[in-house]
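*Asks:*
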Amino acid sequence: MKKIWEGRIAKKTDSKVEKFTSSINIDISLYLYDIMGTIAHVMGLSKIGIVEKVELESILKGLKEIKEEIEQRAIETSGYEDIHSLVETELEKKVGNVAGKIHTGRSRNDQIVLDEKLYIKDATIDILKKILFLEKSIIGVAEKYFDTIIPAFTHLQKAQPVIWSHYLLSYFEKFKRDILRFFECFENCDYLPLGSAACTGSSYNIDRNFLKEILKFKDVSSNSMDDVGSRDFIIDFIYSCSITMLHLSQFCEDLIIYSTQEFSLVDIDESFCTGSSIMPQKKNPDVLELIRGKASVVIGNLTQLLVLVKALPSTYNRDLQEDKKILFSAYNETSESIEIFSDLLLNLKLNQMAIDEDLADGFLEATDMADYLVKKGESFRKAHHVVGSVVRYCIENNLRIKDLALEKLKEFSPRFEKDIYSCIDPKACVDSKKVDCGTNREMVRTRIESGKKLLGDFEMRLEKIKKRVISFEELISNIPVT
Ligand code: ARG
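According to this note's numbering, the sequence shown is numbered sequentially starting from 4.
#1: Compute every distance between the C-beta of residue 346 and the non-hydrogen atoms of the ligand ARG, then say whether any falls below 7 Å.
#2: Are the CB atoms of residue 125 and residue 33 nearer to each other than 8 Å?
#3: Between which two residues does the alpha helix (DSSP H) harbouring residue 284 extend?
#4: Nearest to residue 471 by CA position, among 203, 219, 106, is which residue?
#5: Need the endpoints of the beta strand (DSSP E) that residue 162 sits in, please.
#6: With 16 as the cutoff for other CB atoms within 10 Å, does residue 326 come out buried or exposed?
#7: Measuring straight from C-alpha to C-alpha, what distance separates residue 231 and residue 111?
#8: With a cut-off of 8 Å, do at least 3 Cβ pairs link the segment 356-373 to the segment 381-395?
#9: Let me confirm a value: residue 404 is counted as buried when at least 16 other C-beta atoms fall within 10 Å, else exposed. Which label applies?
#10: Classify residue 308: buried if its beta carbon has 16 or more other beta carbons within 10 angstroms, exposed otherwise.
#11: Of the residues 315, 168, 109, which one's Cα is nearest the Cα of residue 449?
#12: How is the alpha helix (DSSP H) around residue 240 delimited, first residue to last?
#13: Apart from the five residues on each side of it in sequence, which residues of its chain come closer than 6 Å, Cβ to Cβ, to residue 123?
#14: Does the Cβ of residue 308 lie closer than 7 Å to at least one heavy atom of the ligand ARG?
#15: Quick one: grab the DSSP three-state call for residue 485.
#16: If residue 341 sits next to residue 251, beta carbons under 8 Å apart, how far is it from one beta carbon to the other, in whole angstroms?
#17: Can you grab the Cα-Cα spacing for the pair residue 324 / residue 92, in whole Å?
#18: How would you label residue 255, buried or exposed, when you count the other beta carbons within 10 angstroms and need 16 or more for buried?
#19: Is residue 115 close to the ligand ARG? I mean its beta-carbon at under 7 Å from any heavy atom of the ligand.
#20: Once DSSP output is grouped into helix, strand and coil, what is the label at residue 393?
#21: So which of 150, 100, 379, 223 has the shortest CA-CA distance to residue 442?
#22: Quick check: is any heavy atom of the ligand ARG less than 7 Å from the C-beta of residue 89?
#23: State the beta-bridge partners of residue 353 as determined by DSSP.
#24: Counting only the same chain and skipping the five closest in sequence on each side, list residues whose C-beta sits under 7 Å from that of residue 485.
#25: Sorted by chain position, which residues of the same chain lie with C-beta nearer than 7 Å to residue 277's C-beta, five sequence neighbours on each side aside?
#26: With a 10 Å radius around its C-beta and 16 neighbouring C-beta atoms as the bar for buried, classify residue 244 as buried or exposed.
#27: In three-state terms, what does DSSP make of residue 200?
#28: With residue 24 as the anchor, note down where its alpha helix (DSSP H) starts and where it stops.
#29: Kindly list the residues whose CB is nearer than 7 Å to the CB of residue 202, restricted to its own chain and excluding five residues on each side of it in sequence; keep chain order.
#30: Could you give the residue range of the beta strand (DSSP E) that holds residue 154?
#31: To the nearest angstrom, how far is the alpha carbon of residue 184 from that of residue 75?
#32: One question on the structure: do residue 51 and residue 182 come within less than 8 Å of each other, judged by their Cβ atoms?
#33: Across the segment 24-41 and the segment 80-90, are there enough close Cβ pairs to call them in contact, namely three or more that are closer than 8 Å?
#34: Quick one, are the C-beta atoms of residue 136 and residue 464 less than 8 Å apart?
#35: With 16 other CB atoms within 10 Å as the buried threshold, where does residue 105 fall?
#36: Within its chain, find whatever has a CB closer than 7 Å to the CB of residue 425; leave out the 5 residues flanking it on each side and keep chain order.
Right under this line is the structure:
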């Protein structure tokens, strides 16, 4: 295959080197962005008289055809070095020498950054849509089982009663921060790099503001050397993916544990489980386990990219070609995981009988009992000691606290009165946590309502940024008819 740089390098490239340096199998995924960037650039060149009107028309027609041919798999891509040389060479086949003009004042170094920025803007919107759906699902399930009380665990040991919705909303909060992080990602990559060329900037008076407008960037970038060598906009994106995957992974881990026969708090729908090839009784939570596994892949992607760029000298270095597979992996794994997890959550059932049994054991009411004594005038430390002794007594005699008669309780502290029994009921324990971050049912109800309102605000913000991405059709429709 003819090389776009063969003027300088006369010798035929070693076939192993050709295969080794080629990135077409990976960056073919960027074809749409590469063609859109090229369309915009050529329009810019026409504006400053480098490409004539008739040339512009035939180039644009050729580029549209190349897009369709790639989509119909009508182009043999394997011999090309990368997506940029594919587009230029295929265009040359269609329009002849005039194709040689499309690279005026542009380098593959700024071109690839443009492609990646357009890709990330779209990817961010897709992920935001999916996390917003997940958040809605969390709220929906929180409302469905609003009153159900489950044990809260610390150190994976039974701690205190909590309502299921409060537990779920703990994840709503995590994903809320993730949403904000992705909105920030969108802003961080919204600067047009075209005009930077190889590293010092283009020597043609390219109208960057015009390009910014037609490609719908927020602004133009400020330094060509920074542009071609920086990938922190991708790091931000993969970091955001990593945190979301980390949150999903923790959620999955909870549900894997809660769905075991030993805990039996939740039931994962069979359509999200698989069986064992040998043990007929098994129902395995594979989807949850896979998301937990994919979290490691994405966190690994973040490390890969950080290490890739950490010691690079300024501006473009070929190492950067490796960033695409890292980016695509992080995006695909994250997007797919959020989507399937939401579906699983919507189909999750609570195992009420097992939950009730579970609440009765484990002395979940002990902290409330100590708080009761404090309200009767005891110091917390003394109250803690008294209740600890009550619990020890119950364990030794195989009893529950509510089974102890008042006279027995008074042996531990004379401050116990009849009203202790209503205070240690799980509902009372839950409702006593009236702080605005607590599990009191009214507080949680308020949180659900404010959560819904916040989601409405996020939806509006998402609609706004959707208008800040350019589609192929829109770009084409903006081309003045001559
Ligand atoms: N495909 C390359 C990349 O992904 C584009 C830049 C190539 N530039 C160069 N000077 N070889 O980074």
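We put the CB at the ideal spot given by N, CA and C, even for glycine.
Please read all numbers here as calculations on a predicted model, not as lab measurements.
*Replies:* Quick look at the numbers:
#1: For the purposes of this step, residue 346 is taken as residue 343 along the sequence shown, with counting starting at 1. No, the ligand ARG has no heavy atom inside 7 Å of this Cβ.
#2: Locating residue 125 in the sequence shown gives position 122, where the first residue counts as 1. Locating residue 33 in the sequence shown gives position 30, where the first residue counts as 1. Contact annotation: residue 125 and residue 33 have beta-carbon atoms that are not nearer than 8 Å.
#3: On the sequence shown, position 281 is the one that residue 284 refers to. From DSSP, residue 284 is part of no alpha helix (DSSP H); its letter is neither H nor E.
#4: Stepping through the sequence shown from its first residue, residue 471 is reached at position 468. The shortest C-alpha to C-alpha distance from residue 471 to any of 203, 219, 106 is the one to 219.
#5: Within the sequence shown, residue 162 is the residue found at index 159, counting from 1. From DSSP, the beta strand (DSSP E) with residue 162 extends over 160-166.
#6: Reading the sequence shown from its first residue, position 323 is the one you call residue 326. Buried is the call here.
#7: Residue 231 sits at position 228 when you count from the first residue of the sequence shown. Residue 111 sits at position 108 when you count from the first residue of the sequence shown. For residue 231 and residue 111, the distance between alpha carbons rounds to 9 Å.
#8: A contact exists between the segment 356-373 and the segment 381-395.
#9: Residue mapping note: residue 404 aligns to position 401 of the sequence shown, counting from 1. Around the beta carbon of residue 404, a 10 Å sphere encloses 16 or more other beta carbons of the protein chains shown; the residue is thus reported as buried.
#10: Here residue 308 refers to the residue found at position 305 of the sequence shown. With 16 or more neighbouring CB atoms inside 10 Å of its own CB, residue 308 falls in the buried class.
#11: As a first step, residue 449 is located in the sequence shown; it is residue number 446 there, counting from the start. Measuring from the Cα of residue 449, the nearest candidate turns out to be 168.
#12: Mapped onto the sequence shown, residue 240 falls at position 237. Looking at the DSSP string, the run of the alpha helix (DSSP H) that includes residue 240 is 235-261.
#13: Taking the first residue of the sequence shown as 1, we reach residue 123 at position 120. These residues qualify, in order along the chain: 192, 240.
#14: Along the sequence shown, read from residue 1 onward, the residue named residue 308 stands at position 305. No, the beta carbon of residue 308 sits no closer than 7 Å to any heavy atom of the ligand ARG.
#15: Counting from one through the sequence shown, the residue named residue 485 turns up at place 482. Confidence at residue 485 is low in this model, with a pLDDT of 48, below 50, so its placement is unreliable and no value can be given for it.
#16: Locating residue 341 in the sequence shown gives position 338, counting from the first residue. Locating residue 251 in the sequence shown gives position 248, counting from the first residue. Yes, residue 341 and residue 251 are in contact; Cβ-Cβ is about 7 Å, under 8 Å.
#17: Walking along the sequence shown from the start, residue 324 turns up at place 321. Walking along the sequence shown from the start, residue 92 turns up at place 89. Those two C-alpha atoms are separated by around 20 Å.
#18: Locating residue 255 in the sequence shown gives position 252, counting from the first residue. A residue is called buried when at least 16 other Cβ atoms come within 10 angstroms of its Cβ; residue 255 meets this threshold and is buried.
#19: In the sequence shown, counting from the first residue as 1, residue 115 sits at position 112. Within the cutoff, so yes.
#20: Here residue 393 is taken as the residue at index 390 of the sequence shown, counted from 1. Here residue 393 sits in helix by DSSP.
#21: In the sequence shown, the residue the question calls residue 442 occupies position 439. Per the Cα distances, 150.
#22: Reading the sequence shown from its first residue, position 86 is the one you call residue 89. Outside the cutoff, so no.
#23: Locating residue 353 in the sequence shown gives position 350, counting from the first residue. The bridge partners DSSP lists for residue 353 are 269.
#24: On the sequence shown, position 482 is the one that residue 485 refers to. Summary for residue 485: the model assigns pLDDT 48, below 50, so the residue's position carries little reliability; its value from the coordinates is reported in the next sentence. Answer for residue 485: 56, 60, listed in chain order.
#25: Here residue 277 is taken as the residue at index 274 of the sequence shown, counted from 1. Cβ neighbours of residue 277 beyond the five flanking positions: 287, 289.
#26: On the sequence shown, position 241 is the one that residue 244 refers to. So residue 244 counts as buried.
#27: Taking the first residue of the sequence shown as 1, we reach residue 200 at position 197. Coil, per DSSP.
#28: Within the sequence shown, residue 24 is the residue found at index 21, counting from 1. For residue 24, the enclosing alpha helix (DSSP H) covers residues 18-24.
#29: To locate residue 202, count along the sequence shown from 1; it is residue 199. Take residue 202, set aside five residues on each side of it, and the residues of its chain with a beta-carbon closer than 7 Å to its own are 112, 227, 228, 231, 318, 319, in chain order.
#30: Residue mapping note: residue 154 aligns to position 151 of the sequence shown, counting from 1. Note, residue 154: beta strand (DSSP E), 152-157.
#31: Counting from one through the sequence shown, the residue named residue 184 turns up at place 181. Counting from one through the sequence shown, the residue named residue 75 turns up at place 72. Looking at the two C-alpha atoms, the distance is approximately 36 Å.
#32: In the sequence shown, the residue the question calls residue 51 occupies position 48. In the sequence shown, the residue the question calls residue 182 occupies position 179. Not closer than 8 Å, so no.
#33: Touching, yes.
#34: Counting from 1 along the sequence shown, the entry for residue 136 is found at position 133. Counting from 1 along the sequence shown, the entry for residue 464 is found at position 461. No, the Cβ-Cβ distance between residue 136 and residue 464 is not below 8 Å.
#35: Here residue 105 corresponds to residue number 102 of the sequence shown, with the count starting at 1. With a 10 Å radius around the Cβ and a threshold of 16 neighbouring Cβ atoms, residue 105 comes out buried.
#36: Counted from its first residue, the sequence shown places residue 425 at position 422. Residues 431 of the same chain have their beta carbon placed closer than 7 Å to that of residue 425, with the five preceding and five following residues left out of the count.
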